[in-house]
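> This note's numbering puts the first residue of the sequence shown at 105, with every later residue one more than the last. The following block contains the structure, expressed as structure tokens.
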Amino acid sequence: MKRLIQRGLMFGNLIRVDSPALIERYNRALKGLSGKQTTLKEFHIDISGFSPEIGEEFKDPLYLNPNGCNRQFIILTVDQKKAPLLDAKFSTSRGILRQFIADNEAKLFALTAHDAVAGELMNSVYDISDPSRLFDIRKITIEADTTQSHVKNARLLAEKIDQFQTVENAWYDDDLIGEMIELARETGDVTRVPVDLGVQEFEQGNFWTAHFGGLYIFRDVESPAVIVSGNKDRLDTFPHVPFIDTTQPNRIASFLRKNELVEPIVKARGVDGARILRQKMEFVLVDAATTAGLDLGDMSSRSLRHVAQRMGRDLPAAFHGLAALVRWAEAGGKWPRIDSRHPAYFYTLRARPDHPDRDLINRLLSELAPMDFRQLFICHKELFYASYATWPVEKRAFVAEFLHRDYMANKAGARDALFGGRKDPLKVPATSRRRTREQVIEMVGPWGAVNAGKTNGRQR
Numbered sequence: 105m106k107r108l109i110q111r112g113l114m115f116g117n118l119i120r121v122d123s124p125a126l127i128e129r130y131n132r133a134l135k136g137l138s139g140k141q142t143t144l145k146e147f148h149i150d151i152s153g154f155s156p157e158i159g160e161e162f163k164d165p166l167y168l169n170p171n172g173c174n175r176q177f178i179i180l181t182v183d184q185k186k187a188p189l190l191d192a193k194f195s196t197s198r199g200i201l202r203q204f205i206a207d208n209e210a211k212l213f214a215l216t217a218h219d220a221v222a223g224e225l226m227n228s229v230y231d232i233s234d235p236s237r238l239f240d241i242r243k244i245t246i247e248a249d250t251t252q253s254h255v256k257n258a259r260l261l262a263e264k265i266d267q268f269q270t271v272e273n274a275w276y277d278d279d280l281i282g283e284m285i286e287l288a289r290e291t292g293d294v295t296r297v298p299v300d301l302g303v304q305e306f307e308q309g310n311f312w313t314a315h316f317g318g319l320y321i322f323r324d325v326e327s328p329a330v331i332v333s334g335n336k337d338r339l340d341t342f343p344h345v346p347f348i349d350t351t352q353p354n355r356i357a358s359f360l361r362k363n364e365l366v367e368p369i370v371k372a373r374g375v376d377g378a379r380i381l382r383q384k385m386e387f388v389l390v391d392a393a394t395t396a397g398l399d400l401g402d403m404s405s406r407s408l409r410h411v412a413q414r415m416g417r418d419l420p421a422a423f424h425g426l427a428a429l430v431r432w433a434e435a436g437g438k439w440p441r442i443d444s445r446h447p448a449y450f451y452t453l454r455a456r457p458d459h460p461d462r463d464l465i466n467r468l469l470s471e472l473a474p475m476d477f478r479q480l481f482i483c484h485k486e487l488f489y490a491s492y493a494t495w496p497v498e499k500r501a502f503v504a505e506f507l508h509r510d511y512m513a514n515k516a517g518a519r520d521a522l523f524g525g526r527k528d529p530l531k532v533p534a535t536s537r538r539r540t541r542e543q544v545i546e547m548v549g550p551w552g553a554v555n556a557g558k559t560n561g562r563q564r
């Protein structure tokens, strides 16, 4: 993993903590949450305040995430909103934390000037040893305060100020005035600089979880389902919801179609679909060539074309499928017939950019098209890191160099080009446009046979 770390592709954007004052604040918060304290003089934290160095010190990677269910957090600086979330157990956790920091940035800035803020992403479930408990997670509530209870005291001071202003003869209540003065010494002027973070709630509708080997829970769609990473037979019990596993591409394609979750890249508006598909061809080629032990040369596009020529008939079917689409898009070539049984199928799709669960859908697609390492890195880092460790050395070198050179230089631009630009997913209305059957088939083009649900008169 050294290549990834050196290029900022792993543990990138973590916040360095090396100030004695910040370490003391962190330890106070950590003591309150877990009863532990670190002896390290320097460490790094993610958006939740989790430190991989402290996790190693404690020999507990879940020291801020007991049972992997209710994530605790420590905020030392609002700059944490830019940091990643390491070892995420739920796909929604980072977005919720980022939104919480953004919504309360001014208050958190004032609070963290003097103390650490600690809290928890709470739901009504504390044990998920049974998969069915995942369906009980509907709402995430955040309550947070400093280690010295600034928020609690600010709330109490606000109540006393209101009492002072509304109760008759409160001007003569020396005890009340004394209590207000004492609280104000702790909180400052809450009328001019409010620090009450309140209680915030976030809906958790569709999500991915790392529990039980990886599950995609789609319940807030027209046709709900659970998609299981790998073979679904490994689950002993499950709720009364249809569930599919990633070895069943036809059923997944049907699920995506019924719920109108995806669109073909080559048909997407404002996208150079052919260019994106050409890059995916290179990714597929690199995987096949390095698996076969072939030399990639200087790893340029020209060298890769020569590698493709050398492989000839040994090129994978996914490469040929993508090539046919590129020919159709660029030169009006033969209309390709690509259905969900074709290895290239999921490489040709992306989530609809206007869908509130765009990131979740693209995460699923990245798992179904694992040779596209760029999408895997962007959408499913947990799987990317696990896969990277198993790749041949030459592929690891190519991947690290490509992501460093072509992706990290303009991350926002690359994401917009690949997935489409839109507002923050937490602020997109949870509604989707409905299309007629004919409109869907017209939009899909070469995928019409699959999205129509039939081939040669037979139902898929």
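Glycine included, C-beta positions come from ideal geometry on N, C-alpha and C.
(1) According to DSSP, simplified to helix, strand and coil, what is Gly136?
(2) Please list the terminal residues of the continuous beta strand (DSSP E) segment that includes Trp312.
(3) On the DSSP bridge assignment, give the partners of Leu453 in chain order.
(4) Can you tell me which of the three DSSP states Tyr320 falls into?
(5) Alpha carbon to alpha carbon, what distance is there between Glu486 and Asp191?
(6) What's the call for Tyr230, buried or exposed, on a 16-neighbour Cβ count within 10 Å?
(7) Residues in its own chain within less than 6 Å of Val370 by CB, not counting five upstream and five downstream?
(8) Using a 10 Å radius around the Cβ and a threshold of 16 neighbouring Cβ atoms, would you call Met105 buried or exposed?
(9) Taking the beta carbon of Thr452 as the centre, do at least 16 other beta carbons fall within 10 Å, making it buried, or is it exposed?
(10) Along the chain, which unbroken stretches of the alpha helix (DSSP H) at least 4 residues long are found entirely within the region 173 to 250?
(11) Compare the beta carbon distance of Glu305 and Ile246 with 9 Å and say whether it is the shorter of the two.
(12) Is it buried or exposed, Thr250, if we count other Cβ atoms within 10 angstroms and call 16 or more buried?
(13) Can you name the residues that DSSP bridges to Ile356?
(14) With distance defined between alpha-carbon atoms, name the residue in Ala516, Phe502 and Ile482 nearest to Arg107.
(15) Below 8 Å, how does it come out for the region 204 to 223 and the region 154 to 165: are there three or more Cβ pairs, yes or no?
(16) Within a Cβ cutoff of 8 Å, which residues of the same chain sit near Met512, ignoring the five residues on either side of it in sequence?
(17) Going by other Cβ atoms of all chains shown within 10 Å of its Cβ, with 16 needed for buried, is Arg361 buried or exposed?
(18) Taking 8 Å as the cut-off, is the beta-carbon of Phe387 closer than that to any non-hydrogen atom of the ligand MG?
(19) Restricting to Cα atoms, I'd like to know which of Val332, Gln184, Ala493 and Arg198 is closest to Ala220.
(20) List the residues that DSSP assigns as beta-bridge partners of Asp349.
(21) In the DSSP assignment, find the alpha helix (DSSP H) that holds Ile482 and state where it starts and stops.
(22) Alpha carbon to alpha carbon, what distance is there between Asp122 and Gln252?
(23) Among Met415, Glu386 and Ile380, whose alpha-carbon lies nearest the alpha-carbon of Gly397?
(24) Using the Cα positions of Gly116 and Pro353, report the straight-line distance between them to the nearest angstrom.
(25) Could you tell me the distance, in whole angstroms, from the CA atom of Leu469 to the CA atom of Phe450?
(26) Suppose you measure from the CA of Ile521 to the CA of Val375; what does that come to, to the nearest Å?
(27) Quickly, what does DSSP pair Val121 with across the bridge? List them, please.
(28) Using C-beta distances below 7 Å, list every residue in its chain close to Phe311, excluding the 5 sequence neighbours before and after it, in chain order.
(29) Looking only at its chain, what residues have a beta carbon closer than 6 Å to the beta carbon of Ser327, apart from the 5 residues adjacent to it on each side?
(30) For Ala329, which residues of its own chain have a beta-carbon under 7 Å away from its beta-carbon, when the five flanking residues on both sides are left out?
(31) Just to check my reading of the structure: Cys483 and Arg467 have Cβ atoms closer than 8 Å, yes? What is that Cβ distance to the nearest angstrom?
(32) Measure the CB-CB distance between Ile179 and Gly223 and report whether it falls below 9 Å.
(33) Here's the rule: buried if 16 or more other CB atoms are within 10 angstroms of the residue's CB, otherwise exposed. What is Ala217?
(34) Measure the C-alpha to C-alpha separation of Ile119 and Lys515 and round it to an integer number of angstroms.
(35) Leaving out five residues before and five after Phe488 in sequence, what residues of the same chain have Cβ atoms less than 6 Å from its Cβ?
(36) Applying the 10 Å Cβ sphere with the 16-neighbour rule, what's the burial state of Lys135?
Let's see:
(1) Residue state, collapsed to three classes: helix.
(2) Where Trp312 is concerned, the enclosing beta strand (DSSP E) starts and stops at Phe311 to Thr313.
(3) In the DSSP assignment, the residues bridged to Leu453 are Pro368.
(4) Correct three-state label for Tyr320: strand.
(5) Taking the straight line from one Cα to the other gives about 7 Å.
(6) It counts as exposed.
(7) If you ignore the 5 residues before and after Val370, its C-beta comes within less than 6 Å of the C-beta of Gly377, Leu429 and Ala433, all in its own chain and listed in chain order.
(8) It is exposed - the Cβ of Met105 has fewer than 16 other Cβ atoms within 10 Å.
(9) Within a 10 Å sphere around the beta-carbon of Thr452 sit 16 or more other beta-carbons, which makes this residue buried.
(10) If only uninterrupted alpha helix (DSSP H) runs of at least 4 residues are considered, those enclosed by the region 173 to 250 are 197 to 207 and 209 to 216.
(11) Yes, these two residues count as a Cβ contact at 9 Å.
(12) Within a 10 Å sphere around the beta-carbon of Thr250 sit 16 or more other beta-carbons, which makes this residue buried.
(13) Ile356 is not bridged by DSSP to any residue.
(14) When only C-alpha atoms are compared, the closest one is Phe502.
(15) Not touching, per the Cβ criterion.
(16) If you ignore the 5 residues before and after Met512, its C-beta comes within less than 8 Å of the C-beta of Arg111, Gly112 and Leu113, all in its own chain and listed in chain order.
(17) Looking at its Cβ environment, which holds 16 or more other Cβ atoms inside 10 Å, Arg361 is buried.
(18) Among the components modelled here there is no ligand, and therefore nothing to report on the ligand MG.
(19) Of the candidates Val332, Gln184, Ala493 and Arg198, the one whose C-alpha sits nearest the C-alpha of Ala220 is Gln184.
(20) BP columns for Asp349 point to Val332.
(21) Per DSSP, Ile482 belongs to the alpha helix (DSSP H) from Phe477 to Cys483.
(22) So the alpha carbons of these two residues sit roughly 22 Å apart.
(23) When only C-alpha atoms are compared, the closest one is Met415.
(24) Cα to Cα, the separation comes out at about 34 Å.
(25) If I take the Cα positions, the gap works out to 6 Å.
(26) In the sequence as presented, Ile is not what sits at residue 521; that position holds Ala. Going from the Cα of Ala521 to the Cα of Val375 covers about 6 Å.
(27) When DSSP reads this structure, Val121 sits in a beta bridge with Phe147.
(28) So the list reads Phe194, Ser195, Thr196, Ile321 and Leu464, once near-sequence residues are dropped.
(29) Within the same chain, Ser327 has close Cβ partners Lys362 and Asn363.
(30) Annotation for Ala329: Phe322, Val345, Pro346, Phe347, Ile348 and Phe359 place their beta carbon closer than 7 Å to its own, counting only its chain and skipping 5 residues before and after.
(31) Arg467 and Cys483 do touch by the CB rule: their CB atoms are close to 4 Å apart, below 8 Å.
(32) Their beta carbons are under 9 Å apart, which means Ile179 touches Gly223 by this criterion.
(33) It is exposed - the Cβ of Ala217 has fewer than 16 other Cβ atoms within 10 Å.
(34) CA-CA distance, Ile119 to Lys515, rounds to 19 Å.
(35) Cβ within range, chain order: Leu480 and Phe481.
(36) Lys135 is exposed by the Cβ-count criterion.
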